Structures are given as structure tokens and as C-alpha cells.
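In our numbering, the protein residues as written are 21 to 120.
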């Protein structure tokens, strides 16, 4: 009987702690490759409809003043994620930016 109560109490505590961990949101900064345009539609729609929040993500979407800076900001650890143009990304990686 005591073992059943101990097991039940342990299971209850474990479920409470796991629920708390799931409830915490992870905050990320995403920098677009340019001002918001139709290419970013899925990102903006997901943000507005709460899809990121449903998965425990708080996404801060930013627009760059210069489209060449997002990969450099990721490499410097100033932002978490960036959208970039593939040719520029290839050049940045070849120049030694730690993006991969």
C-alpha cells in the first residue's frame, strides 16, 4: 500500500515538472532577408495564427536595414536565425563565417 502511494506521488510530481517544462516558451529572434514581402507569408501567417506559440516558441521577427547583415549577425551570435539569399550565403561560408 505504501509503495503504491509512493509511486503515485512520484508520478504526480514528475508529471507536474514535465508540464512546467513544456509550458515554458523558447524565445528566438528571426531576421528576414528584407522587408516583409510575399516570400515571408508563411512565417507571418504562422506568427499571427499562433502556430509558433502552439509549439512553445516565441519568435521575434526583425527586418534588416541591409540585406547582407543577417548572416553576419547569426555568426556573431546577435540573432538566432536568419533568412538569406543562397548565393550570398555560399559566399559568406566560403569567406569563413561559421554558419553551417
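For each residue, glycine too, the CB sits at the ideal point set by N, CA and C. In this text the structure is predicted, and so the values were computed from the model without any measurement.
Rounded straight-line distance, which links the Cα of residue j to that of residue i
i           : j           : result
residue 67  : residue 75  : 11 angstroms
residue 85  : residue 44  : 32 angstroms
residue 55  : residue 115 : 26 angstroms
residue 93  : residue 113 : 13 angstroms
residue 101 : residue 95  : 10 angstroms
residue 88  : residue 111 : 11 angstroms
Reduced DSSP secondary structure (H/G/I, E/B, other) of residue i
i           : result
residue 81  : strand
residue 101 : strand
residue 52  : coil
residue 68  : helix
Nearest residue (CA-CA) to residue i, options the options
i           : options           : result
residue 104 : 47, 48, 46 and 59 : 59
C-beta atoms of residue i and residue j nearer than 9 angstroms
i          : j          : result
residue 81 : residue 63 : yes
residue 48 : residue 79 : yes
residue 77 : residue 98 : no
Whole-Å CB distance - residue i paired with residue j, under 8 angstroms assumed
i          : j          : result
residue 90 : residue 53 : 6 angstroms
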